[in-house]
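In the numbering used here, the protein residues as written are 36 to 318.
The beta carbon of each residue, even a glycine, is placed where N, CA and C say it ideally should be.
Notes for the one structure printed next.
Here's what the structure looks like:
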């Protein structure tokens, strides 16, 4: 398999395409692309350690590692990474700017209305970054509400809706493009807490030169735990089914755990028996 950071390497023509034409005509467009050896474009935001571009544009992060491992098992010859802002991921998929969203996207009811998710690839919790020493004693959304504090998070992040559900006023919810801006807002004192995934919080704390701390994710309610999936256009049902079949044999395998180890993903993040249907209905 070849992964390209800029442009794409021409795919190998699919042998026997004419003979299989009657079958291919019934498949979805993405399945046809795979069979033809054309590049499969994966979309993600710059979210360390979930999914992010390497120095040469190659896809890094544990969700990209899982997705590319599965795509390779499906026979993908070339993968073309496309990086965009988080808020542009679903619109970009719908506008055909890429074929698959890999970037650590939680399976939420509101998102299930617009995209089709794979089976879960992991389960994760959120946390806050706060000023060193946590001067306002923030551990939960209720703390933020009761103290009249301001939370900053990314536009399109699930935390926007969670904060509203927990009673935080909209004028106390600051939305910015992504993690870099979240860290900047907390460091500058423009926000009292930055709402992100626990993995992202750890990465931001590491970047902060000791100026921010990470709150305990166990302090947040269980219903804020979320499952991550790979997202497809709803029309690409055959591809989604084939992806899930390949994922079943790859998830938790020695090969997968070796590929994701450098990013901090461990067996504790494996999704268990939770289904996409459950997450779509309950998150």
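Report task. Can you check the segment 113-155 for any beta strand (DSSP E) of at least 3 residues that lies completely inside it and give the ranges in chain order? Result -> 113-118, 135-141
Report task. Quick one: residues in its chain with C-beta nearer than 8 Å to the C-beta of residue 238, no 5 flanking neighbours on either side, listed in chain order? Result -> Position 203 of the chain shown holds residue 238. If we look at residue 238 and ignore the five residues flanking it on each side, its Cβ neighbours are 83, 84, 214.
Query raised in the report: Taking Cβ to Cβ, would you say residue 164 is nearer than 8 Å to residue 186?
Result: Translated into positions along the chain shown, residue 164 becomes position 129. Translated into positions along the chain shown, residue 186 becomes position 151. No. Outside cutoff.
Query raised in the report: So does the segment 278-287 actually touch the segment 142-157, counting three or more Cβ pairs closer than 8 Å?
Result: yes
Report task. Report, in whole angstroms, the separation of the C-beta atoms of residue 103 and residue 273, which I expect to be a contact under 8 Å. Result -> The count along the chain shown starts at 1 and reaches residue 103 at position 68. The count along the chain shown starts at 1 and reaches residue 273 at position 238. Not quite, the Cβ-Cβ distance comes to about 20 Å (not below 8 Å), so this is no contact.
Query raised in the report: Given a threshold of 16 other Cβ atoms within 10 Å of its Cβ, counted over all protein chains shown, does residue 236 qualify as buried or as exposed?
Result: Here residue 236 refers to the residue found at position 201 of the chain shown. Buried: at least 16 other Cβ atoms inside 10 Å.
Report task. Could you tell me whether the Cβ atoms of residue 188 and residue 231 are closer together than 8 Å? Result -> Position 153 of the chain shown holds residue 188. Position 196 of the chain shown holds residue 231. In this structure, residue 231 lies closer than 8 Å to residue 188 by Cβ.
Requested in this report: Compare the Cα-Cα distances from residue 127 to each of 168, 106, 110, 80 and report the closest residue.
Outcome: Residue numbering aside, residue 127 sits at position 92 when the chain shown is read from its first letter. The candidate whose alpha carbon is nearest that of residue 127 is 80.
Query raised in the report: At which residue ranges does the segment 243-286 contain complete beta strand (DSSP E) runs of 3 or more residues, listed in the order of the chain?
Result: 247-249, 261-267
Query raised in the report: Near residue 226, which residues of its chain fall below 7 Å by C-beta distance, leaving aside the five closest residues on each side in sequence?
Result: If you number the chain shown from 1, residue 226 lands on position 191. Answer for residue 226: 185, 186, 187, 209, 220, listed in chain order.
**Report entry** Sequence-distant residues of its chain with Cβ nearer than 6 Å to residue 182 (five each side left out)
**Finding:** By 1-based counting over the chain shown, the position of residue 182 is 147. Closer than 6 Å at the Cβ level, and outside the excluded window around residue 182, lie 171.
Query - Best match in 278, 266, 297, 307 for proximity to residue 131 [C-alpha to C-alpha] - result: For the purposes of this step, residue 131 is taken as the residue at position 96 of the chain shown. Comparing Cα positions, the closest option is 266.
Report task. Can you grab the Cα-Cα spacing for the pair residue 271 / residue 75, in whole Å? Result -> In the chain shown, residue 271 corresponds to position 236, counting from 1. In the chain shown, residue 75 corresponds to position 40, counting from 1. If I take the Cα positions, the gap works out to 13 Å.
Query raised in the report: Roughly how many angstroms separate the alpha carbons of residue 332 and residue 315, rounded to a whole number?
Result: Since the first residue of the chain shown is 36 and the last is 318, residue 332 is not available in this structure.
Query - Start-to-end residues for the alpha helix (DSSP H) that takes in residue 177 - result: Mapped onto the chain shown, residue 177 falls at position 142. It spans 176-181 - the alpha helix (DSSP H) in which residue 177 sits, taken as one unbroken run.
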